Amino acid sequence: MEEYIVRDGKSLRLGYTTGSCAAAAAKAACRMLLTGVKTETISILPPKGIPLELEVLEIAMGKNAVRCAIRKDGGDDPDITNGTLVFAEVSRTDTPGIFIDGGLGVGRVTKRGLDQPVGNAAINSVPRRMIRENLEEVCTVLDYHGGLKVLISVPEGESLAKKTFNPRLGIVGGISILGTTGIVEPMSEKALLDTIRVELRQRKENGARYVLLTPGNYGSEFIRTQIGIDPALAVQASNFIGDTIDMCKEMGFRGALLIGHIGKLVKIAGGMMNTHSKYGDCRMEILAAHAGAAGVAPAVLEEILGCVACDDVLRILGEHGGYETTMERVTRRVHEHLQHRSDEMEIGAILFSKEYGLLGRTPNAETLLHKILEE
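Residues are numbered in the numbering used here as their position in the sequence shown, beginning at 1, plus a constant of 208.
Here is the structure:
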């Protein structure tokens, strides 16, 4: 498609979701099944309101079933499903109605708290509605009143799923058919926030009252090697610390423990609740300020301000003094900002460095970790 969006001064091409692919393939297969006429292009109108005219591929027409595919195009978004074929097979049934299921390469839900109940194919609500509405449109035009079965499959889905969050979420055997608007917006923060919300909701619906959070892979590795628990227990909040805390409050969690690398969490000590570098990089200024309050000499502070990595600061503090007091101050300040964001929800943090290990923990960190592990 040739629609664009501007982000950070760059013009980026929009794409369309696996949900749009599934709906378009199903509509094309349905039309061919009911008319017996080959369809080489198909048009749909996703919820976003941007019309799509898509090429129909891999057509296999039979008397009682038709199968075809649409190739996923993620636009300029770095999407692992880009270029993947999404197939739909549509067949007549004796029972009236439209029945939708997933086949090869479409995941199956095994845990509660997801968009679909346990046992269902991981075809989310909006794609299901898109499939149903497009088939109903064809049936109305062609005056067909019988039943239809739709089987969505993605031959590459099982291998692609290993690169997604699906294994963490308890979706087995393939990818999910996703999309709330039908359109892929490159670099979409909303997609990341939606993933965080899904993980939190899943834990909540499985009875968790306390939740473990970490920004990303560094935190997951520390959780595995230094704490000795499965990192899959933690929800990865990426840079969205504040938004994740807000979701935890909204869902009624009693408490949360954030475990993160000093390079991310030191920004929280400065009140930054989105730690992405595009919003600022105040790491050295914050560390220098707390080191100065701890009595570190001005010449050393000047050296700290010239650092590019937090581990360099830790090395300097270790050599010149003020290491422990600075880390105590930073950890306390992190806690204060987290408490301010979390309101009544109990919250704590553990800060670490890959080179220097544990740097600080809030007074309630061990208690929160114990409550998380008890559940």
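In this text, a Cβ means the ideal position worked out from N, Cα and C, and glycines have one as well. Since the model is a prediction, treat every value here as computed from it, not as a measurement.
{"Item": "So, using beta-carbon positions, are Ile467 and Ile449 closer together than 8 Å?", "Value": "no"}
{"Item": "Taking a contact to mean a Cβ-Cβ separation below 8 Å, would you say Ile383 touches Gly427 in this structure?", "Value": "no"}
{"Item": "So the beta strand (DSSP E) Met269 belongs to, where does it begin and stop?", "Value": "Leu265 to Met269"}
{"Item": "Judging by CA-CA distance, which residue of Ala233, Leu522, Arg300 and Phe295 is the nearest neighbour of Leu312?", "Value": "Phe295"}
{"Item": "I'd like to know whether the C-beta atoms of Leu262 and Cys276 end up nearer to each other than 8 Å.", "Value": "no"}
{"Item": "Can you find at least 3 beta carbon pairs, one from the segment 373-388 and one from the segment 331-342, that sit closer than 8 Å?", "Value": "yes"}
{"Item": "Just the Cα atoms here: how many angstroms apart are Val326 and Thr318?", "Value": "5 Å"}
{"Item": "Look up Gln547 in the DSSP assignment and say whether it is helix, strand or coil.", "Value": "helix"}
{"Item": "Among Leu253, Gly282, Pro423 and Ser251, which one has its Cα closest to the Cα of Leu220?", "Value": "Gly282"}
{"Item": "Just how far apart, CA to CA, sit Arg491 and Val474?", "Value": "6 Å"}
{"Item": "By the three-class DSSP mapping on this structure, what secondary structure does Leu525 have?", "Value": "helix"}
{"Item": "The alpha helix (DSSP H) spanning Ser367 covers which residue range?", "Value": "Gly365 to Ala369"}
{"Item": "Going by DSSP in three states, Ser361 sits in which element: helix, strand or coil?", "Value": "strand"}
{"Item": "Decide yes or no for the touch test of the segment 399-408 against the segment 430-450: beta carbon pairs closer than 8 Å, at least 3 of them.", "Value": "yes"}
{"Item": "Considering only the beta carbon of each residue, do Ile258 and Glu211 sit closer than 8 Å?", "Value": "yes"}
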